[in-house]
Amino acid sequence: MKFPIKFYKVTRGIGLLLLMLSCKLALGAETELRLEAQALFGTIDPVTSEEMNAPKIALGRALFWDESLSVNKETACASCHLAGDWGADRRERSLDARGKLTRRHSQSVFNTQAAVAGLRWLADRPSGAAQATGSVTGSMGFAEREDLIAALRLGNYESHFETVFAEQSQPLTVANYAQALQAYQESLRTPAALDRWLSGDDQALTAQQRRGMRRFIDTGCAACHDGALLGGNRLAKFGVLSNYRALTGSDAGDTGQMLATGNEVDRDLFRIQPLRNVAQTAPYFHDGSVATLAEAVNIMAQVQLGQQLSSAEVAEIVAFLHTLSGEVPLHFSAP
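Every letter in the sequence shown is one number past the one before it in the working numbering, and letter 257, counting from 1, is 254.
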């Protein structure tokens, strides 16, 4: 059966119109997703060479990697935050200078100085300086904070402190040690594919990763994991709708914020984990009880949002979370 030429022209015109319309709708959805993501999240700026070479940051870098600044002369800040683990620790718990295991799984030091709520699983350290100060008698193992000063002198740091803190009459102090470490960690930023896409690079994310972002938002994950770090802005109960321990096998003894306050209302409150580089920093949760990212996503959907995701839906969200992985900073190594 033959159709007149006019018929072919009409049908081809309709086909082109439908194609143009579908492209326009797809473009509209892409623009809408980007605008929504820009409002929910945010971008991270790359570190500059000027920052990396700044005297205070250079001093902080030396301190971060120096094992002699601990009671056993074998432990540094870097001992619990490894370059191969994107600034985190793949062990469930780290070993401190006294030979004891830390209470909780070590989180990455990349990007997290910008966390609004504060640092660590309970947000109990308001800044990197506060964390560094606390670690002197914590992971570094000294009996008193001032014991660190003798170790700094033995390490020939006095002249470096005098240069960096030249305006002070007594530069070699624990407070200045902490300030230098904070400055170094503030420079450990890892912009990733998400940042490029949010800034207008359409090719930065795959179609699956964009679908994963859409699902991450629509499922409700972004209600807690928001901001430039996708988390770190407040505390939340782990196990809002059901007991997470049934799925993770976690120890019932760690009740989160309740351990510090003794208040039942604080049971299982933890800082919402920033998700930057999350695909590189297994295992997951405060006790390192979950080995894979897909399992962690599935558990969070169930106990926090009351949703049972399909394997395809989990895979989409995991694909999106991979867009948060940046490169290990060039200056995250011993000087």
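Ideal Cβ placement from N, Cα and C applies to all residues, glycine included.
Check                                                                                                                      : Outcome
Test item: CB-CB of S91 and C77 under 8 Å                                                                                  : yes
Whole-angstrom distance between F107 and I214, CA atom to CA atom                                                          : 24 Å
Proximity winner among S105, Q110, P188, relative to Q179 (alpha-carbon distances)                                         : Q110
Inter-residue Cα distance where the pair is Q333 and G81                                                                   : The displayed coordinates of the chain run from -2 to 332. Any statement about residue 333 would go beyond what the structure contains.
Same chain, Cβ closer than 7 Å to S211, five either side skipped, listed in chain order                                    : A small fix is needed here, since residue 211 is Arg in this sequence, not Ser. Within the same chain, R211 has close Cβ partners L30.
As assigned by DSSP and simplified to three states, the class of L18                                                       : Below a pLDDT of 50, predicted positions are generally treated as unreliable, and L18, at 47, falls in that range; the measurement from the model is reported next regardless. DSSP places L18 in helix when its eight states are reduced to three.
Euclidean distance between Cα positions of S322 and H157                                                                   : 34 Å
Local conformation of M49 per DSSP, three classes                                                                          : helix
Beta-carbon proximity list for G135, same chain, < 8 Å, skipping 5 on both sides                                           : D93
Option in D251, R208, C218 with minimal Cα separation from A312                                                            : R208
C-beta contact flag for F267 and L290 at 8 Å                                                                               : no
N- and C-terminal bounds of the beta strand (DSSP E) containing R122                                                       : Note, R122: premise wrong, no beta strand (DSSP E); not H, not E.
Contact the region 256 to 271 vs the region 216 to 230: 3+ CB pairs below 8 Å                                              : yes
Residue(s) in a DSSP beta bridge with F267                                                                                 : A233
Other residues of its chain near A34: CB distance less than 7 Å, five sequence neighbours each side excluded               : L195, M210
Residue closest to L119, alpha-carbon to alpha-carbon, out of V133, A129, S105, R101                                       : R101
Rounded separation between Q304 and A298 - CA only                                                                         : 5 Å
Those residues which DSSP pairs with L79 across a bridge                                                                   : A85
Cβ neighbours of K6 in the same chain (closer than 8 Å, five flanking residues each side left out)                         : Summary for K6: the model assigns pLDDT 48, below 50, so the residue's position carries little reliability, and this model does not support an answer.
3 or more residues per run - each beta strand (DSSP E) lying fully within the region 159 to 212                            : none
Where the alpha helix (DSSP H) through L318 begins and ends                                                                : 308 to 318
Local Cβ density within 10 Å of P338, reported as buried at 16 or more and exposed below that                              : Absent from the model: residue 338. The displayed extent of the chain is -2 to 332, so no value can be given.
6 Å CB neighbourhood of P168 in its chain, flanking five on each side removed                                              : F158, E159, F162
Chain-order list of residues whose beta-carbon lies under 6 Å from that of Y241 (same chain, five-residue window excluded) : F235, V300
DSSP bridge partner residues for V287 (one or two, in chain order)                                                         : Y281
As assigned by DSSP and simplified to three states, the class of D244                                                      : Note that residue 244 corresponds to Leu in the displayed sequence, not to Asp. Helix at L244.
Where G135 falls: helix, strand or coil (DSSP)                                                                             : coil
Environment of P85 [buried if 16+ CB atoms lie within 10 Å]                                                                : For clarity, residue 85 is Ala in the given sequence; the question names Pro instead. Burial call: buried.
Three-way DSSP call (helix, strand, coil) for G39 in this model                                                            : coil
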